[in-house]
Structure formats: C-alpha cells, structure tokens
Amino acid sequence: MAEKSWLTDFPQMERGDLIAIRKTLDGAYRDFSREYGDVIEAVFDPLLNFLIWFERLLLQSPWWLVLGAITGLVYLASRSWKLSGSVVVALLAIGYFGMWDNTMRTLSMITVCTLLAIALGVPIGIAMARSDRVQNIVTPMLDVMQTMPAFVYLIPVVMLLGIGKIPGLIAVIIYAIPPVIRLTNLGIRLVDREVLEAATAYGANPFQRLFGVQLPLAMPTIMAGINQTIMMALAMVVIASMIGVKGLGQPVLKSITNQYFTLGLLNGLAIVVLAIIFDRVSQAWAKRSQKHLGELSHG
Amino acid sequence: MAEQALIEICELYKVFGKYPASVMSQVHEGAGKDELLAETGHTLGLRDINLKINRGEIFVIMGLSGSGKSTLIRHFNRLIDPTEGKILVDGVDVMELNKKELEQFRRHKMSMVFQRFGLLPHKTVLENVSYGLAVQGVKKPVRHQKATEWLETVGLKGYEQQYPSQLSGGQQQRVGLARALCTDAEILLMDEAFSALDPLIRSEMQDQLIELQDKLHKTIVFITHDLDEALRLGDKIAILKDGELVQQGKPEEILLNPATEYVEAFVKDVNRARALTVETVMNPPISRITANTIGEALEQMKKLPEDYGYYVNEDGYQGILLQETLEQAAEDNAEAALNETLIEELEAVSPDAILESVIPETLDTEYHLPVVDEEGSLQGELSRSNLAEVLGDSSRQAA
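In order, the protein sequences belong to chains A and B.
Counting from 1, one number per residue, gives the positions in the first sequence under this note's numbering.
Counting from 1001, one number per residue, gives the positions in the second sequence under this note's numbering.
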C-alpha cells in the first residue's frame, strides 16, 4: 500500500489514542457509578416508592373502579359527556383485548413523568424568561436533549442506576421535558409589556407580577407545552421498555423481535388511545380555564 | 413661585444603550442625537429636562412620536431609571428609594393610565378596578365596594362581571381611569390615555376628565401628541422635541407666543377660535363712562376714540350710551341726570368665553363688545379687529 497522505485521507488521530480516551472516560465513569451509584439510587428511592405505589393502586383496584375514576376525572376536566363516553368505550376495548394491565402500567408511568416534567420544567422556564443569560445557557442544552438519540443517554443512566423504573423515568423526562420549558419561557416573554408595566406601576412586587399577571397570561402557551410533553412521553414508552420499563412498550418490543404484526398493532393502538385521551382532556381543560378569552379573541 | 411644586424634575438625562454613563461627557458637551448615535451607538432619549408641576394642576407634556414623552412620564414612577438627574415628588427624592420603598411609593402616591389600557385580560372589570388595592393587600369586600363606587362614577355600572375583551375601547379606558382613581393616589399619570380612542369618544372622555378634576383636584400629568387635546385639558403645557423641552407655559402663551419655529409650525393648525378665551385677546376697557349727568357724560365721551361708551355705575355695567342720543338729550337739558331711557342695551360677553362662541355676537353689532365678569365689572372690550387679528393670523399662515 502506498504511503497515506493527508491529501487523500482525512488526518485521523492514532487508533491507540482513541482507545485510550475511551478507556479512560469509560473507566472513570464506571468508577464513579460504582462509587456513588448506591447513593444516587437512594436519592431516587422516594420517587421509586411513589411510582410503585401508584402503579399498584391502578393495578390492584377493581378495573371498574379505576374506569369510573378515570371517567370522573375526564368529566371534571372537560365537562363534556361526549368525551367522557368515548373514553369509557376506548378503555373497555383496551381491556377486552387483554391490554388492561399494561395500559395501567403505562398510564401510571406517564402520569408521574408528566407531573415531574411540569414540576421541573415550569420553574426552569420561568428562570429562563427572567434572565437572558439563563436562556442562553439552557437553550443549547434543550437542543441537545431533543436531538441526541435516546439510546445514547440511556447508556450512562443504565450504567449508573441499572435497568428498571427510575432509569426509564429519567430517560422519558429528558426526552419529554423540553417543550414545557421552551413554551413556559416563550409564554412569559410574550406577555403584553403594557399589562406588566401597569402591574409594576401599581406597585406589584415580583411575586405578585409572576403569579398575578405573567403565569396566568402565559397559561395557554404553557398548556400547549404540557400537551406536547405528554405526547413525547408517550412516544418514549417503547424505547423505555428496552431498559425494563413494563407497560405497553414491552409487547411492542417483543413484536418487533418476533414479527408479531397484530400484537404490535394492538398495543400501538392502545398507546394512541392513551395519547388521544390525554390530549383531548388537557386541551378541553385548558380551554375551559381560559374563559376570559371568550368568543371574541379566540374561536 | 411661592407655591411649592409637587413634582420637580431637575436636569434629567436619559441615554439608551449599552454603556450610557460612558457617553454622558459627550452629551454634556452638546453632542446631537444623530451625532451620538453615529459615533457611539447610544440613543439620546431625554436631554436636560427641568419641570415643576404644582399641586392640583393638569400638566400636559406634548410631543410627536419619538420626542421622548412616554419615556419622560415613565421616569415619574421610575418604570425607567434616568441616566442622570433628580426627581423630587413631594420633597422626596425618588431616586433614593430602595425596592420596597419604591413599591410603596407606586402603590400610594401615583397611579397610571395607559394608551392601550393595560388591563388584565384574565380578570373581570371589577377585579381590574380594584387591582391597585389588591396589590396593597386590602381585603376583598372593602376593595370591591370601593371599585363598585368608582365604576359607577365613570359610568360603567352593571359591567362589573364582564371581562375587558367584552368592552369597547372607550369603556376599557374608563375601566383604566377607574382603576387609577380607586387607589386615591394624589398624582395621576396619563400616557396618551385617549389617543387610541376615536374622536367622538375621545372628546367625551376629555369632558369626563375635566368634570372629575373639578371634583377631585388631582395632580395630573397628561401625555399627548394632539395639541387640541393639550390646549383643552392643560393648565400648563410643555412641548417636547427630540428629547428636549422646547417651551413650557400656559396654553395661550404657547399659542400666541411660540418660542421656536417648531412650536409655531405646531400651533398654526390649531383652531384658535376654539382654544382661546375672550380674555386673552380683548383690549383694555377705555370706553368707560361713569358720569352722573348728561353733560358730564358728553365730556367723557369726546375723549373716547369712538362715538359711544359703556355706562358703568356702582352696580357695574349697565349698557351702552350713544353720542347721538346724548347730544339730543343735552339740547333739552345738559344738567339732567342720566336716566335709563338713554341707555341702550348691549349684551356683554364673559372673559372666560371661548372665542368661537362669541363670533356671532361680534358680527351682529357695529359696536365693540363689552367684556364683563361675573361680578358685573367691565374687564375689557372685544372688537371685530381683535378677532380678525388672532384668527386671521393663523389662517394666513396655514394657507
């Protein structure tokens, strides 16, 4: 073989160096996770307990009671008999096709993930809206979180915490949290300057401005963000099942490896049904809570 | 002036940009707005503003867009901080207040009405009006009670539970006004408050403001780009151009003695007949006759430029005496006392009357009109040529 030239081949670093870098980084991280893995796991213990408790609650209560509770919540949020009726029919169909338990597991996972994403995302969004510097730091991080393939950040999470519910939850939140952060930030920044100025002119302090003016006026945008977050969390269910999260994702994964078309389709449809329920209910609730917009400004 | 000014602004400068303090030396050396922008990238917002606003007056700050008037009014309650200068309100240096004190100051001392209303769209009209009190921590029943009263005052009774988006522009601004009045603040800042309204509603709101002011005697700082509005509302007017005060004074001073060409260009389109009062254009009362007998009256009249005079006794203005009538009466008996049959009636005009309203009277008679105040004493006389002078002047310039 002729002598390699940087003109024809891209100048690469020595293969040995690359291996050394990988070994060093992997080794360091492995040592770190051996050292602190237990501590970090302990931190997440309360969350894990809550997840398990909530899943048990859904699984061990009689199915008709859970169905009744879900329908009741849907009606409270939407005040629509039509929507509540459709939810009952959809859930009955899911149960009839033998997917009740898995649906409940996914439902509990998504609920907890969404609540956590809101609890973390809204404050981060508020911080971004208040400071351009925070926005400049957080925005590229969100870009990375949204474009980095989910499998890549599954690796360190699994190395640190093993497989199971908590790593799944972390993976889902990393994937699903950006919209709620971005739209909280956007919503607050879009609040009419003059309205905020009026609040300031009447002597409102920062707390009164945030909770009395900024958050209520940003609410439609924030709700759109929460809606997106729920949808993305549901989309993550299948990938999360690869690290041991039980639910509708596992049968889908099994179907892919074994080419069970019908099984995959049914479970996929069940995910879609959950998505539609979450979407419609959260939107109906958001619309109802924005009654001041009336018919004049938004149809 | 003996009166202590309520608001005083001294040598106020505002420069917008990254490092305003660094370019202040150039500003003091007299760099122009364009020059400063080209050389340093900083925008000169306000330059060397000095103002004194007295308690209970409506002070109008007027200028075209970009003149810095909205920037200026936001300095009063420090929605914008000045680059340099002092702001004294009731003897307190506003710049010295810390965060908490500033909040208290905004809550109790000043309230503000905004051009695009600045109402909270997610709260009802009642909650909007009571917003200032809610911020102060006043209990709900108390503040709603007060808000209800103010809503009634501005003529919006029955709209309490509506949302702002359900009201028209004029109604929304009434809510804005009620909100400003509800905190009982002494000072009212109005930033182009009526500019977004259509002309008919605007003059309705102006009337309402004047009416309210007669009762409340607030100190009002009113921003506008409309000279007619400024002349109508203002006890004093300050004209702002490119961030500098060009002239300040009483409306008629500005109208009759514009300080610069800029102000002159501004005032030439004003309908003077509607903006000026009789008092500002009348002549001093020279044709006054106070005699007791016909002969004495004739003597006095011969010294007058015209062949008639206004008869004034201890009860004030009585009517007009004609030389012709007097001469005829003197032929009979010059020593006789003046009696009512010799005096002809001529309707007097009030010094506060708007010029437009006296034009018909001026044209109807060949005599100068006597100007008589409420106590009946003769203040001056108004001739057709007086009117022609002030009204004609402006129309010639405009043509």
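Every residue gets a Cβ at the ideal spot worked out from N, C-alpha and C, and that includes glycine.
Remember, it's a predicted structure, so these values are computed and weren't measured experimentally.
Residue range 1058 to 1062 is occupied by the beta strand (DSSP E) that includes Ile-1061/B. Within the region 207 to 218 of chain A, contact with chain B at the beta-carbon level (separation under 7 Å) is assigned to Gln-208, Val-213, Pro-216, Leu-217. Secondary structure remark: continuous beta strand (DSSP E) runs of at least 3 residues inside the region 1001 to 1080 of chain B, in chain order: 1005 to 1016, 1043 to 1054, 1058 to 1062. Excluding residues up to 5 positions away in sequence, Ile-1239, Leu-1240, Ala-1259, Thr-1260, Tyr-1262, Val-1263 lie with their Cβ nearer than 8 Å to the Cβ of Val-1246/B in the same chain. Annotated three-state conformation of Glu-1264/B is helix, per DSSP. With 16 or more neighbouring CB atoms inside 10 Å of its own CB, Ala-1230/B falls in the buried class. Excluding sequence positions up to five before and after Ser-78/A, its CB lies within less than 8 Å of the CB of Ser-84, Arg-280, Val-281, Ala-284, Trp-285, Arg-288, all in the same chain and listed in chain order. Within the region 189 to 204 of chain A, those residues whose Cβ lies closer than 7 Å to any Cβ of chain B are, in chain order, Glu-194, Val-195, Glu-197, Ala-198, Thr-200, Ala-201, Tyr-202, Gly-203, Ala-204. Shown in chain order are the members of the region 1073 to 1100 of chain B whose Cβ falls below 9 Å from a Cβ of chain A: Arg-1074, Asn-1077, Leu-1079, Lys-1099, Lys-1100.
A straight-line Cα-Cα distance of about 59 Å links Thr-106/A and Ile-1201/B.
Here DSSP, grouped into helix, strand and coil, assigns Arg-79/A to coil.
Only residues of its own chain outside the window of five on either side were considered, and among them Val-1094, Leu-1102 have a CB closer than 7 Å to the CB of Arg-1078/B, listed in chain order. The closest CA to that of His-1217/B, considering only Asn-1054/B, Arg-1384/B, Cys-1010/B, Lys-1033/B, is found on Asn-1054/B. Per DSSP, reduced to three states, the secondary structure at Glu-1344/B is strand. DSSP places Ile-226/A in the helix class (H, G or I) of the three-state scheme. Among the residues facing chain B, Gln-135/A is not included, as its CB has no counterpart in that chain under 9 Å away. For Gln-214/A, there is no enclosing beta strand (DSSP E), as DSSP marks it with neither H nor E. For a cut-off of 8 Å, the C-beta gap from Ala-1185/B to Val-1113/B is around 11 Å, too long to register as a contact. 9 Å or more divides the Cβ of Gly-1376/B from the Cβ of Pro-1285/B. Counting the other CB atoms within 10 Å of its CB gives Trp-6/A a total below 16, which places it among the exposed residues. For the region 1115 to 1127 of chain B, residues whose beta-carbon sits nearer than 9 Å to a beta-carbon of chain A comprise Gln-1115, Arg-1116, Phe-1117, Gly-1118, Leu-1119, Leu-1120, Pro-1121, His-1122, Lys-1123, Thr-1124.
DSSP places Ala-1193/B in no alpha helix (DSSP H); its state is neither H nor E. Contacts with chain A at 9 Å (Cβ-Cβ) include Tyr-1131/B.
If you look at Thr-106/A, you'll find it in the alpha helix (DSSP H) that goes 100 to 130. With respect to chain A, the C-beta atom of Arg-1272/B has no partner C-beta closer than 9 Å. Cβ neighbours of Gly-187/A within its own chain (closer than 6 Å, five residues either side excluded): Ala-218, Thr-221, Ile-222.
Cβ contact annotation for Ser-108/A (same chain, cutoff 6 Å, sequence separation greater than five): Phe-54, Glu-55, Leu-58, in chain order. Beta-bridge partners assigned by DSSP to Asp-1093/B: Leu-1088/B. Looking at the DSSP output, Lys-1303/B shares a beta bridge with no other residue.
Sequence-distant Cβ neighbours of Gly-1056/B in its own chain, meaning closer than 7 Å and more than five residues away, are His-1217, Thr-1219. Comparing alpha-carbon positions, the option among Ile-1187/B, Leu-1322/B, Cys-1010/B, Glu-1211/B lying closest to Lys-1086/B turns out to be Cys-1010/B. If the five residues before and after Gln-1004/B are omitted, its C-beta is found closer than 7 Å to no C-beta atom of its own chain.
By the neighbour-count criterion, in which a residue is buried when 16 or more other Cβ atoms sit within 10 angstroms of its Cβ, Met-13/A is exposed. Between Leu-274/A and Ile-110/A, the C-beta spacing is below 9 Å.
Asp-1191/B counts as buried, since no fewer than 16 other beta carbons sit within 10 angstroms of its beta carbon.
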